[in-house]
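S.K.: Dumping the structure here so I can ask a few things about it.
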Amino acid sequence: MKSMQQRVAMITGGNSGIGFAISAKLASSGFHVILASRNQQKSADAIQQINRLVPGASMESIPLDLASFDSIRKCVDIFHSRQYPLHLLINHAGGLFPGKQASFTRDGFEMTFGTNHLGHFLLTNLLLSDLKRSAPSRVITVSSRLHIPGYGYGPRPNFDYENLKAEKYYNDMVFYKNSKLANIWFAYELNRQLNGSRVTSNAVCPGFVPESIAEKQKSRLSRWFYREFMARMPFARSADEAASSVLFVATDPRYETVGGKFIVDQKEINFSPESYDLEKAQQLWDASVQWCQLSERQ
Ligand SMILES: NC(=O)c1ccc[n+]([C@@H]2O[C@H](COP(=O)([O-])OP(=O)(O)OC[C@H]3O[C@@H](n4cnc5c(N)ncnc54)[C@H](OP(=O)(O)O)[C@@H]3O)[C@@H](O)[C@H]2O)c1
């Protein structure tokens, strides 16, 4: 491991939207920031832009497609070839993949679950020894309050192993909420497994960020609705505010030793009994190990 003056952070999906704002804040807090993202041109542009905002920012990018196990393994190989320590991993990429039909990752998993949960599960596990060697270190998984039954709009989460690949039905919002519940189970179970290692694992909700949702809208009217109308709602957050919520968990001294929390607006919340179900978290962990073939080849 190279000796580095700076603390090293890797963030997935850090080249646009909320992720861009988090990356800029990490750089200005003195981290060497690695953008692990699909689009290398977007990452190069983001690095250039952050350098203008934060003179002397220390950043680089590594290609990563979370919808491909092969790409995740290549990303980790490149990271290892650089011989850096790793003090902070932010599992931020992903989101809701809108549509009436399910789409699938390279390895045949439903895209929302495959990207938001499984991709980050594999990435984190492949980086665990780096995090442990660099301790004290932290893993932050970006989830959403939408995993809480009855919170927000639309149908409730319904995590069903027999419908993980949309065998029975597909609803983009249900699959999104399920993946965000999986993020929480993963963050808590990881924290239990890291007990005594001086690596903590927490989950964060960045808040409802209309400016980021607006970017993905096809119609001009929808973009206007999110940018001009929803952004003025008292419960809305700007990308900058959302990034501050994530940075808080990345830098507050409390979370150097405290893990297993779900943090929203810098407060720990606990509203979903299902998210604390130890057996369900362990079941998902064990299944994810099999799906990612982690037991056979690390
Ligand atoms: N926006 C909200 O109101 C809100 C609320 C609660 C939680 N969140 C959470 O915040 C995070 C970001 O949401 P967002 O609204 O900022 O979404 P976004 O603007 O769509 O950003 C998503 C990021 O994920 C990346 N990504 C998507 N698929 C990927 C893949 N297969 N491999 C690597 N990167 C991939 C995208 O990269 P590309 O540029 O390559 O597409 C992009 O950088 C998500 O975890 C979401 O669940 C958002």
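For any residue, its number in my numbering is found by taking its place in the sequence shown, counting from 1, and adding 16.
For every residue, glycine included, the Cβ atom is placed at its ideal position computed from N, Cα and C.
In the DSSP assignment, the alpha helix (DSSP H) including residue 272 goes from what residue to what residue?
M.R.: Stepping through the sequence shown from its first residue, residue 272 is reached at position 256. Start and end: 270-273.
S.K.: Ordered along the chain, which non-local residues of its own chain (more than five positions away) have a Cβ less than 8 Å from that of residue 46?
M.R.: As a working note, residue 46 is residue 30 in the sequence shown. Same-chain partners within the cutoff: 22, 23.
S.K.: Does the distance between the C-beta of residue 222 and the nearest non-hydrogen atom of ligand 1 fall short of 6 Å?
M.R.: For the purposes of this step, residue 222 is taken as the residue at position 206 of the sequence shown. Residue 222: yes, Cβ under 6 Å from ligand 1.
S.K.: Between the beta-carbon of residue 173 and the beta-carbon of residue 163, is there less than 7 Å?
M.R.: For this step, residue 173 is matched to residue 157 along the sequence shown. For this step, residue 163 is matched to residue 147 along the sequence shown. Yes, the pair counts as a contact, with Cβ atoms nearer than the cut-off.
S.K.: Does the beta-carbon of residue 204 have 16 or more other beta-carbons within 10 angstroms, so that it is buried, or is it exposed?
M.R.: The residue given as residue 204 occupies position 188 in the sequence shown. When all chains shown are included, residue 204 counts as buried.
S.K.: Taking 6 Å as the cut-off, is the beta-carbon of residue 33 closer than that to any non-hydrogen atom of ligand 1?
M.R.: Within the sequence shown, residue 33 is the residue found at index 17, counting from 1. For ligand 1, a non-hydrogen atom lies closer than 6 Å to the CB of residue 33.
S.K.: Just the Cα atoms here: how many angstroms apart are residue 209 and residue 216?
M.R.: On the sequence shown, residue 209 is found 193 positions in, with the first residue counted as 1. On the sequence shown, residue 216 is found 200 positions in, with the first residue counted as 1. Each residue's Cα considered, the two are about 10 Å apart.
S.K.: Buried or exposed: which applies to residue 211, given that a residue is buried once 16 or more other Cβ atoms fall within 10 Å of its Cβ?
M.R.: For the purposes of this step, residue 211 is taken as the residue at position 195 of the sequence shown. Its Cβ having fewer than 16 others within 10 Å, residue 211 is exposed.
S.K.: Residue ranges of each beta strand (DSSP E) run of no fewer than 3 residues wholly in the region 233-298, ordered along the chain?
M.R.: 278-280
S.K.: If you drop the 5 nearest sequence neighbours on each side, which residues of the same chain put their C-beta closer than 8 Å to that of residue 308?
M.R.: Against the sequence shown, residue 308 aligns to sequence position 292. Excluding positions up to five away in sequence, the list reads 85, 134, 137, 138, 141.
S.K.: What do you reckon, are the CB atoms on residue 262 and residue 38 nearer than 7 Å?
M.R.: As a working mapping, residue 262 is identified with position 246 in the sequence shown. As a working mapping, residue 38 is identified with position 22 in the sequence shown. In contact: residue 262 and residue 38 (Cβ atoms closer than 7 Å).
S.K.: Quick one: grab the DSSP three-state call for residue 121.
M.R.: As a first step, residue 121 is located in the sequence shown; it is residue number 105 there, counting from the start. Note: residue 121 maps to coil in three-state DSSP.
S.K.: Skipping 5 residues on each side, what residues in its chain have a beta carbon closer than 7 Å to that of residue 83?
M.R.: As a first step, residue 83 is located in the sequence shown; it is residue number 67 there, counting from the start. Counting only Cβ-Cβ distances below 7 Å, and skipping sequence neighbours, we find 121, 122, 127, 130, 131, 135.
S.K.: For residue 68, count neighbouring C-beta atoms within 10 Å of its own C-beta (all shown protein chains included) and say buried if the count is 16 or more, exposed if not.
M.R.: What you label residue 68 is simply residue 52 of the sequence shown in a count that begins at 1. By the neighbour-count rule (16 or more Cβ atoms within 10 Å), residue 68 is not buried but exposed.
S.K.: Whose C-beta lies closer than 6 Å to the C-beta of residue 275 among residues of the same chain, with five residues either side of it excluded?
M.R.: The sequence position of residue 275 within the sequence shown is 259, counting from 1. Within the same chain, residue 275 has close Cβ partners 207, 216, 217, 218.
S.K.: Can you check whether the CB of residue 280 is closer than 7 Å to the CB of residue 221?
M.R.: Your numbering for residue 221 matches position 205 in the sequence shown. Your numbering for residue 280 matches position 264 in the sequence shown. For residue 221 and residue 280, yes; Cβs fall inside 7 Å.
S.K.: Hey, would you say residue 157 sits closer than 7 Å to residue 194, going by beta carbons?
M.R.: Indexing the sequence shown from 1 puts residue 157 at position 141. Indexing the sequence shown from 1 puts residue 194 at position 178. 7 Å or more divides the Cβ of residue 157 from the Cβ of residue 194.
S.K.: How big is the Cα-Cα spacing for residue 188 and residue 197?
M.R.: Looking up residue 188 in the sequence shown gives position 172. Looking up residue 197 in the sequence shown gives position 181. C-alpha separation (whole angstroms): 14 Å.
S.K.: Select from 240, 160, 291 the residue whose C-alpha is nearest the C-alpha of residue 107.
M.R.: Within the sequence shown, the letter at position 91 stands for residue 107. Nearest of 240, 160, 291 to residue 107, Cα basis: 160.
S.K.: Please determine, among 112, 114, 48, 116, the residue with the shortest C-alpha to C-alpha distance to residue 105.
M.R.: In the sequence shown, counting from the first residue as 1, residue 105 sits at position 89. For the residues 112, 114, 48, 116, the minimum Cα distance to residue 105 belongs to 48.
S.K.: Here's a check: name, in chain order, each residue in its chain whose Cβ is nearer than 7 Å to the Cβ of residue 36, leaving out the five neighbours to either side.
M.R.: Here residue 36 refers to the residue found at position 20 of the sequence shown. Taken in chain order, the residues that qualify are 30, 62.
S.K.: Can you give me the C-alpha to C-alpha distance between residue 59 and residue 150, rounded to a whole angstrom?
M.R.: Taking the first residue of the sequence shown as position 1, residue 59 is located at position 43. Taking the first residue of the sequence shown as position 1, residue 150 is located at position 134. If you take the alpha carbons of residue 59 and residue 150, they lie about 25 Å apart.
S.K.: Just the Cα atoms here: how many angstroms apart are residue 100 and residue 272?
M.R.: Here the question's residue 100 lines up with position 84 in the sequence shown. Here the question's residue 272 lines up with position 256 in the sequence shown. Taking the straight line from one Cα to the other gives about 20 Å.
S.K.: Measuring straight from C-alpha to C-alpha, what distance separates residue 64 and residue 260?
M.R.: Here the question's residue 64 lines up with position 48 in the sequence shown. Here the question's residue 260 lines up with position 244 in the sequence shown. When rounded, the separation of the alpha-carbon atoms in residue 64 and residue 260 is 21 Å.
S.K.: Can you tell me whether residue 226 is buried or exposed, with buried defined as 16 or more other CB within 10 angstroms of its CB?
M.R.: Locating residue 226 in the sequence shown gives position 210, counting from the first residue. So residue 226 ends up on the buried side.
S.K.: Which value, in whole angstroms, describes the spacing of the CA atoms of residue 245 and residue 258?
M.R.: Within the sequence shown, numbered from 1, the residue matching residue 245 stands at position 229. Within the sequence shown, numbered from 1, the residue matching residue 258 stands at position 242. Spanning the two alpha carbons is a distance of roughly 18 Å.
S.K.: Could you tell me if the beta carbon of residue 225 falls within a distance shorter than 6 Å of some heavy atom in ligand 1?
M.R.: As a position in the sequence shown, residue 225 is number 209, starting the count at 1. At least one heavy atom of ligand 1 falls within 6 Å of the beta-carbon of residue 225.
S.K.: Just the Cα atoms here: how many angstroms apart are residue 240 and residue 233?
M.R.: Within the sequence shown, the letter at position 224 stands for residue 240. Within the sequence shown, the letter at position 217 stands for residue 233. If you take the alpha carbons of residue 240 and residue 233, they lie about 9 Å apart.
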